[in-house]
Amino acid sequence: MKYINVVVDNKSKYTDGFYTYKTDVDVKVGDLVLLPFGTSNKEKTGIVCGYTETLDFDEDKVKTIIDVKEKGFLTEEIIKTALWMKQRYGIKYYDALRCFIANGKPPKEGKEKEPYKNIKGKYNPPDRLTDEQQIAVEEISNAIDKNLQANFLIHGVTSSGKTQVYMEIIQKTLDSGKTAIMLVPEISLTKQVIEVFVGKFGKERLAVMHSKLTPRERYDEWKRIKDGKADIVIGARLGVFTPLKNIGLIIMDEEHESSYKADMTPKYETVDIALKRLGHYSGVLVLGSATPSIVSYSRSKQGIYKLLTLKERYNKTPLPEVEIVDMREELKEGNMTIFSRRLYNQISTELKEGRQVILLQNRRGYANFVSCRECGKVMKCPECGISLTYHKSKEKMMCHYCGRTFAVPKECPECNSRYIKHFGIGTEQVEEAVSELFPDVTVDRLDIDALKTRRDLDRILGDFASGKTRVLIGTQLVAKGLDFDNVGLVGIIAADVGLNIPDYRSGERTFQLITQAAGRAGRGNRQGKVIIQSYEPDNYAITKAAKHNYEGFFEEEIRLREFMNYPPFSDLIMVNFTSEDENLAIDCSKRCKLYMERALGDEITKQILQPRISQNFKGKDAVRYYLFIKCPKGERNRYVYYLDSFNNILVKERIDCNMDLDINPYSTF
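To convert, note that position 528 of the sequence shown is 528 in the working numbering; the numbers rise steadily by one, no gaps.
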């Protein structure tokens with residue numbers, strides 16, 4: 001008789017833990033088993049996570065499993081990674097394990113769904129690698145050959161040929177008998193990447209995994225990977241959880257993107273999961289970006305990652321010429337329009353000479369908010385508490401958190417004034433202005449509002465690639481992964497939009513967005529131009545981006561982070577308490593603060609803030625309070641342990657308040 005520890009497929013926080021069962025059949029870690037559960041012995045499935053040699057309770061109370069439903073459902077490596085996630089993020093066992101499982105049922109024979117079924121390969125191999133590419137490939141290949149666990153950060157300017165490096169080292173990994181995962185931040189904008197990979201490796205050995213697949217497509221791709229029918233996975237952050245075996249390489253392209261941090265439970269960092277999984281297989285991690293995150297670049301300075309640089313574009317075309325326009329001077333001289341005279345003139349020149357233009361405005365809608373000019377009241381979503389964005393095309397105000405729409409009021413609900421006006425600039429307003437100024441030019445918009453179906457993206461990018469669309473306007477989506485040779489100009493309408501967000505990363509995000517957007521210009525054989533409009537033209541994030549000076553920006557930013565004790569010099573832990581009873585949420589947050597102060601003493605007193613209500617929380621009929629803890633470097637596991645212990649107290653007391661952790665969150669402020 002064998003005793004096994006099982007995590008039961010049950011979402012309740014009150015049943016999260018190991019349950020011991022007995023069996024007289026051969027059962028291994030990772031098997032999916034059918035078992036009786038609870039006082040009613042209702043049949044449930046569970047995953048075997050370990051064995052127990054001795055019991056500390058009566059053997060007669062141990063139930064016997066009903067059947068082994070699937071042998072080798074998950075690998076032992078996946079089980080170990082899931083259990084580690086439980087400890088690192090303070091989450092439930094069930095939440096960790098379900099990351100590795102695709103929902104859905106096996107299809108009938110011949111009914112499998114194949115995403116990107118009709119995609120064609122588009123790969124033109126270069127005559128030779130550049131010297132910088134060759135050095136990068138050799139360094140990484142050496143680690144692959146020696147079966148070493150190694151971590152690399154490729155800092156390559158835009159259009160420096162990072163993708164070609166990725167394909168070379170993937171081929172090396174496959175030749176060594178291992179598998180590879182290629183992660184991208186926005187799968188919806190990476191059709192080009194998939195086309196190139198299909199052209200290089202063939203469609204049969206590729207699988208795609210991301211949240212925009214249908215449940216059937218996702219299950220079928222998961223099954224193909226699990227059955228060993230694909231040895232390369234391309235995906236968004238979900239791709240890190242695919243059931244690949246013998247993983248030799250994980251690549252995270254555009255590693256700086258915030259989309260690699262999950263904002264839903266479990267709130268994991270993709271790079272953490274990648275490192276943990278590769279540790280089991282002695283695999284290689286490769287991070288790539290033109291604008292590495294401050295944390296990643298700091299790790300390269302410490303020797304945690306080996307830094308590889310690509311300083312030149314693969315076609316030797318110089319980086320674009322960048323010019324900053326001070327919009328304060330434009331106002332002084334009577335220009336009240338969206339466009340500076342310099343940007344307007346350059347758009348005209350580029351269009352006359354047959355080139356295309358990309359305009360970035362990182363705010364969707366027509367205007368950022370609607371307010372009363374009499375009393376100053378800003379129209380906000382009653383559910384979410386954030387300002388509503390005006391969409392002129394719909395004549396509605398929309399909440400960009402919950403998606404609800406509202407009619408623009410005829411009069412102010414506060415003072416009954418009829419002076420209601422919209423303020424700020426969104427992509428719709430930029431599109432309208434371009435169409436009025438250049439009526440004979442085809443203009444299109446790329447933002448979330450424009451992408452109603454998957455086909456919309458293909459149409460918008462297809463029209464731009466063919467030259468039908470001459471001016472493409474968009475949010476940050478236009479700054480990610482677009483590679484078009486005929487773009488002569490990138491205009492950044494309001495570079496300082498993100499600078500005044502109360503977030504310690506605001507400077508970093510602004511620098512990254514400007515640099516990435518600027519990189520869309522001049523990717524052909526002619527140097528491109530970039531015009532940055534700003535009301536804060538002397539801000540270091542803007543001036544360093546204009547000079548393509550990442551190292552200079554990093555030195556300024558890291559000094560500020562160290563002075564303020566922000567990551568990478570600490571970990572910020574947000575502890576959320578959500579309940580339908582506001583008093584209960586407040587009480588639990590206060591109890592947690594007191595518990596942590598008693599457990600950690602003086603070291604935490606100055607590092608934990610008073611409980612505050614979350615203005616961004618959009619739960620229906622519920623309220624959220626949060627604690628913010630600045631955790632000293634190296635103490636994260638200890639802090640999470642105590643927070644998890646407090647959560648266990650709430651569970652045992654059956655308190656109707658959910659507690660969860662978000663470590664180094666991206667959307668706190």
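Every residue gets a Cβ at the ideal spot worked out from N, C-alpha and C, and that includes glycine. None of the values given here were measured: they were computed from a predicted structure.
Exercise for review: Count the C-beta pairs between the stretch 10-30 and the stretch 52-71 that are closer than 8 Å, then say yes if the count reaches three, no if not.
Suggested key: yes
Point to revise | Through-space distance from residue 455 to residue 116, alpha-carbon basis | key: Residue numbering aside, residue 116 sits at position 116 when the sequence shown is read from its first letter. Residue numbering aside, residue 455 sits at position 455 when the sequence shown is read from its first letter. Approximately 12 Å between the Cα atoms of the pair.
Point to revise | First through last residue of the alpha helix (DSSP H) which encompasses residue 143 | key: On the sequence shown, residue 143 is found 143 positions in, with the first residue counted as 1. Unbroken alpha helix (DSSP H) run through residue 143: 131-145.
Review point. Do you know whose CA, among 36, 3, 75, 16, lies nearest residue 56's CA?
Key: If you number the sequence shown from 1, residue 56 lands on position 56. Of the listed residues, the one whose Cα sits closest to residue 56 is 3.
Point to revise | For residue 507, the first and last residue of its enclosing alpha helix (DSSP H) | key: Taking the sequence shown and counting its residues from 1, the one referred to as residue 507 is at position 507. 506-518 is the span of the alpha helix (DSSP H), which, as asked, contains residue 507.
**Study point:** Extent of the continuous beta strand (DSSP E) run through residue 472
**Key:** Residue mapping note: residue 472 aligns to position 472 of the sequence shown, counting from 1. Element bounds for residue 472: 471-474.
Exercise for review: Measuring alpha carbon to alpha carbon, tell me which of 81, 286, 234, 238 ends up nearest residue 249.
Suggested key: Counting from one through the sequence shown, the residue named residue 249 turns up at place 249. The residue with the shortest Cα to Cα distance from residue 249 is 286.
Review point. Are the stretch 348-355 and the stretch 547-567 touching, with three or more C-beta to C-beta distances below 8 Å?
Key: no
Exercise for review: Kindly give me the distance between the Cβ atoms of residue 216 and residue 113, rounded to whole angstroms, as I take these residues to be in contact under 8 Å.
Suggested key: The sequence position of residue 216 within the sequence shown is 216, counting from 1. The sequence position of residue 113 within the sequence shown is 113, counting from 1. Going by Cβ atoms, the distance from residue 216 to residue 113 rounds to 5 Å, so yes, they are a contact pair.
Practice item. Determine the direct distance from the alpha carbon of residue 39 to that of residue 96, and round the result to whole angstroms. Key: As a working note, residue 96 is residue 96 in the sequence shown. As a working note, residue 39 is residue 39 in the sequence shown. Near 26 Å, if we compare the C-alpha coordinates of residue 39 and residue 96.
Review point. How would you call residue 664, buried or exposed, if buried means at least 16 neighbouring beta carbons within 10 angstroms?
Key: On the sequence shown, residue 664 is found 664 positions in, with the first residue counted as 1. Buried, since its Cβ has 16 or more Cβ neighbours within 10 Å.
**Study point:** Residue range of the unbroken beta strand (DSSP E) whose run includes residue 288
**Key:** Within the sequence shown, the letter at position 288 stands for residue 288. From DSSP, the beta strand (DSSP E) with residue 288 extends over 284-289.
Exercise for review: May I ask you to report which of helix, strand or coil DSSP gives residue 539?
Suggested key: Counted from its first residue, the sequence shown places residue 539 at position 539. Looking at residue 539 - three-state DSSP - the assignment turns out to be coil, as it is neither helix nor strand.
Point to revise | Local conformation of residue 21 per DSSP, three classes | key: On the sequence shown, position 21 is the one that residue 21 refers to. Strand.
Check your understanding: How many angstroms separate the CA atom of residue 654 from the CA atom of residue 17?
Key -> Position 654 of the sequence shown holds residue 654. Position 17 of the sequence shown holds residue 17. Rounded to the nearest angstrom, the two C-alpha atoms are 16 Å apart.
Review point. Thinking C-alpha only, which one of 642, 588, 619, 139 is nearest residue 601?
Key: One-based indexing of the sequence shown puts residue 601 at position 601. Of the candidates 642, 588, 619, 139, the one whose C-alpha sits nearest the C-alpha of residue 601 is 642.
Practice item. Go to residue 7, then tell me how far its beta strand (DSSP E) extends in each direction, as first and last residue. Key: As a first step, residue 7 is located in the sequence shown; it is residue number 7 there, counting from the start. Run containing residue 7: 2-8, per the beta strand (DSSP E) assignment.
**Study point:** Straight-line gap, residue 450 to residue 432 (C-alpha atoms, nearest Å)
**Key:** The residue you call residue 450 lines up with position 450 of the sequence shown. The residue you call residue 432 lines up with position 432 of the sequence shown. One C-alpha to the other measures close to 14 Å.
Review point. Short check: CB of residue 34 to CB of residue 6, under 8 Å?
Key: Here residue 34 refers to the residue found at position 34 when the sequence shown is read from its first residue. Here residue 6 refers to the residue found at position 6 when the sequence shown is read from its first residue. Their beta carbons are not under 8 Å apart, which means residue 34 does not touch residue 6 by this criterion.
Check your understanding: Exposed or buried, residue 148, counting other C-beta atoms within 10 Å across all chains shown (16 or more means buried)?
Key -> Numbered from 1 along the sequence shown, position 148 holds the residue referred to as residue 148. Residue 148 is exposed by the Cβ-count criterion.
Practice item. Please report how far the alpha carbon of residue 124 lies from the alpha carbon of residue 253, in whole angstroms. Key: Taking the sequence shown and counting its residues from 1, the one referred to as residue 124 is at position 124. Taking the sequence shown and counting its residues from 1, the one referred to as residue 253 is at position 253. Near 20 Å, if we compare the C-alpha coordinates of residue 253 and residue 124.
Check your understanding: If you follow the alpha helix (DSSP H) that residue 109 is part of, which residue opens it and which one closes it?
Key -> Residue mapping note: residue 109 aligns to position 109 of the sequence shown, counting from 1. Element bounds for residue 109: n/a, residue is neither H nor E.
Check your understanding: Do the CB positions of residue 624 and residue 565 come within less than 8 Å of each other?
Key -> Along the sequence shown, read from residue 1 onward, the residue named residue 624 stands at position 624. Along the sequence shown, read from residue 1 onward, the residue named residue 565 stands at position 565. It is not a contact, given that the beta carbons lie outside the stated cut-off.
**Study point:** Environment of residue 213 [buried if 16+ CB atoms lie within 10 Å]
**Key:** Counted from its first residue, the sequence shown places residue 213 at position 213. So residue 213 counts as buried.
Check your understanding: Taking the continuous alpha helix (DSSP H) assigned at residue 168, which residues delimit it?
Key -> Here residue 168 is taken as the residue at index 168 of the sequence shown, counted from 1. Per DSSP, residue 168 belongs to the alpha helix (DSSP H) from 162-175.
Review point. Who are the near neighbours of residue 321 in its chain, counting only those whose CB is closer than 8 Å to its CB and skipping five residues on each side?
Key: Within the sequence shown, residue 321 is the residue found at index 321, counting from 1. For residue 321, where only same-chain residues beyond five positions count, the Cβ hits under 8 Å are 527, 528, 529, 530.
Exercise for review: Mark residue 660 as exposed unless 16 or more other C-beta atoms lie within 10 angstroms of its C-beta, in which case mark it buried.
Suggested key: The residue labelled residue 660 in the question sits at position 660 within the sequence shown. Flag for residue 660 reads buried.
Check your understanding: Straight-line CA distance for residue 422 to residue 288?
Key -> To locate residue 422, count along the sequence shown from 1; it is residue 422. To locate residue 288, count along the sequence shown from 1; it is residue 288. Distance between the alpha carbons of residue 422 and residue 288 is about 40 Å.
Practice item. Could you pull the start and end residues of the alpha helix (DSSP H) that residue 278 belongs to? Key: As a working mapping, residue 278 is identified with position 278 in the sequence shown. 270-281 is the span of the alpha helix (DSSP H), which, as asked, contains residue 278.
Exercise for review: Determine which residues share a DSSP beta bridge with residue 70 and list them.
Suggested key: On the sequence shown, position 70 is the one that residue 70 refers to. DSSP output for residue 70 lists 32 as bridge partner(s).
**Study point:** Reduced DSSP category for residue 372 - H, G, I as helix; E, B as strand; rest coil
**Key:** Translated into positions along the sequence shown, residue 372 becomes position 372. Three-state DSSP puts residue 372 in a strand.
Point to revise | Sequence-distant residues of the same chain with beta carbon closer than 8 Å to residue 255, five excluded per side | key: Sequence index remark: in the sequence shown, residue 255 carries index 255 (1-based). Here the set comprises 153, 271, 287, 288, 289, 292, 293, 296.
Check your understanding: Thinking C-alpha only, which one of 444, 306, 397, 469 is nearest residue 355?
Key -> Counting from one through the sequence shown, the residue named residue 355 turns up at place 355. The shortest C-alpha separation from residue 355 is found at 469.
Check your understanding: Taking C-alpha atoms, which residue in 438, 442, 378 lies nearest to residue 411?
Key -> On the sequence shown, position 411 is the one that residue 411 refers to. Among 438, 442, 378, the Cα nearest to that of residue 411 belongs to 378.
Check your understanding: Pick from 302, 37, 65, 58: whose alpha carbon is nearest that of residue 24?
Key -> Locating residue 24 in the sequence shown gives position 24, where the first residue counts as 1. Looking at the Cα atoms, 65 is the closest of the given residues.
Review point. Would residue 225 pass as a contact of residue 243 if the rule is Cβ separation under 8 Å?
Key: Locating residue 225 in the sequence shown gives position 225, where the first residue counts as 1. Locating residue 243 in the sequence shown gives position 243, where the first residue counts as 1. Cβ distance < 8 Å, so residue 225 and residue 243 count as in contact.
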